[in-house]
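For reference, the structure discussed in these notes is given below.
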Amino acid sequence: MSTAYLNGDYLPLEECKVSVLDRGFIFGDAVYELIPVYNSKPFYLQAHLMRLARSLEQTRINNPHTEDGWKQIINKLIETSGLEQLSVYLQVTRGVAKRDHAFPEDITPTVFAMTNSWPAVNTGMYKKGLTVITAEDMRWDRCDIKVTSLMANVMKKQQAAENNADEAIMIRDGSVLEGSATNVFIVKEGQVSTAPKNNLILPGIARDVVVEILNENNIPLFEQAATQAQLTDADEVWITSSTKECAPVTIVDGEPVGSGTPGELWQKVYDLYQQRKK
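Read in order, the letters of the sequence shown correspond to residues 35 to 312 in our numbering.
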């Protein structure tokens, strides 16, 4: 039985309960983080906590813990899980209040955290590559905040699933932004491009790890959104996330990417990414 954290208590996940008037339930008025853990060590924990703090600040939800407080919660959940490879999910809602779009200033946030076992590596994902479709981006203009109200992303991911694809890549005004749950990198003639960190994409931690790797290895990188035509004409396409890390895409909208197999530059970046997990 998994141990979870809820508002100061550690208890079995099955015993966790929140009010139906919690604004996270009523409005999706909440933010979250998902932190990978390798060999019992949280991956890029500082970056995740900084992003959580920023999400809370941008949504005007009071940060209920100091950085050290968050680390204590995370480390205790890792310890009690008995696992070495897992993820820690954190969620902070604005709290419980009478249903009203406007929120009271003195509300107490609801804090929930749990662990999940890390799924076995899908080696086929890396050997064969992933299939994606493109889809019109109809989300709100603050995609940079990691909020739980993900209905638009859910619908795009479902659209991908119904088309036997692994992901949907969002296109807005002809520009390639990100996937429904991933960031996107495009390679052409040895040069890499990815959408810049602004209000239209989520600042992914895995994205930043790949950017670090590219910069440290003097691989040309342009942080600018590619066009849909450049996506179609790419030599390689990668998608990144905490769960997929850095994965190759070999089919876009039914057409092969480059040779139709994972590329050499992706393999180099992927291997360097794996080294950072040790």
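Virtual Cβ for every residue (Gly too), placed ideally from N, Cα, C.
Straight through space, the alpha carbons of E223 and D269 are spaced by roughly 7 Å. Residue state for Y78 is assigned as coil, using DSSP reduced to three classes. Residue pairing of D56 in beta bridges, as defined by DSSP: V130.
Setting aside the 5 residues that flank it on each side, N73 is surrounded in the same chain by E118, Q119, K311 and K312, each with a C-beta closer than 8 Å to its C-beta; the list follows chain order.
For R310, no alpha helix (DSSP H) run applies, since DSSP gives it neither H nor E.
If you check the CB distance, V210 and A154 do not come in under 7 Å. Buried is the label assigned to N217, since at least 16 other Cβ atoms lie within 10 Å of its Cβ. Between the beta-carbon of G163 and that of V283 there is about 6 Å, and that keeps the pair under the 8 Å contact cut. 7 Å or more divides the Cβ of T127 from the Cβ of R206. With the rule of 3 Cβ pairs closer than 8 Å, the segment 176-188 does not count as touching the segment 136-156.
L265: member of the alpha helix (DSSP H) spanning Q262 to T266, first to last residue. Judged by their CB atoms, D200 and T165 are nearer to each other than the 7 Å cut-off. Counting C-beta pairs with one atom in each stretch, the segment 298-310 and the segment 190-197 have fewer than three that are closer than 8 Å, which means they do not touch. The way I'd put it, the segment 238-251 doesn't touch the segment 88-97; fewer than three beta-carbon pairs between them come closer than 8 Å.
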